[in-house]
Amino acid sequence: MKYSDGKDYSHLQPNGHESKHDCPYCGEKDNVTITDEADICHECGEVYT
Numbered sequence: 053m054k055y056s057d058g059k060d061y062s063h064l065q066p067n068g069h070e071s072k073h074d075c076p077y078c079g080e081k082d083n084v085t086i087t088d089e090a091d092i093c094h095e096c097g098e099v100y101t
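Start counting the sequence shown at 53; every next residue gets the next number (the numbering used here).
#1: Does the beta-carbon of His63 have 16 or more other beta-carbons within 10 angstroms, so that it is buried, or is it exposed?
#2: For the segment 55-84, list the alpha helix (DSSP H) runs that are entirely contained and at least 4 residues long, ordered along the chain.
#3: Can you name the start and end residues of the beta strand (DSSP E) that Asp91 belongs to?
#4: Rounded C-beta distance between Lys81 and His94? I'm assuming under 8 Å.
#5: Please report the straight-line C-alpha distance between Cys96 and Gly79, rounded to a whole angstrom.
Written out as structure tokens, the structure reads:
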């Protein structure tokens with residue numbers, strides 16, 4: 053999986069289902085990791101804040 057900022061976030065556990073934030077790029081709700089620095093969508097690979 054390639055992430056939009058070039059880093060590898062595959063080790064992160066998705067926690068998007070807890071925060072109800074969905075990816076603005078593909079609409080994924082569950083396969084998203086929310087962190088303090090950025091939100092990472094494991095579905096489409098987009099990293100956003």
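Every residue gets a Cβ at the ideal spot worked out from N, C-alpha and C, and that includes glycine.
Inspection of the coordinates gives the following:
#1: Locating residue 63 in the sequence shown gives position 11, counting from the first residue. Of the other Cβ atoms in all chains shown, fewer than 16 fall within 10 Å of the Cβ of His63; this residue is therefore exposed.
#2: List check, alpha helix (DSSP H) in window: 68-71.
#3: Within the sequence shown, residue 91 is the residue found at index 39, counting from 1. Asp91 -> beta strand (DSSP E) spans 91-93.
#4: Counted from its first residue, the sequence shown places residue 81 at position 29. Counted from its first residue, the sequence shown places residue 94 at position 42. With 8 Å as the limit, Lys81 and His94 do not qualify as a contact, their Cβ atoms being about 12 Å apart.
#5: For the purposes of this step, residue 96 is taken as the residue at position 44 of the sequence shown. For the purposes of this step, residue 79 is taken as the residue at position 27 of the sequence shown. One C-alpha to the other measures close to 9 Å.
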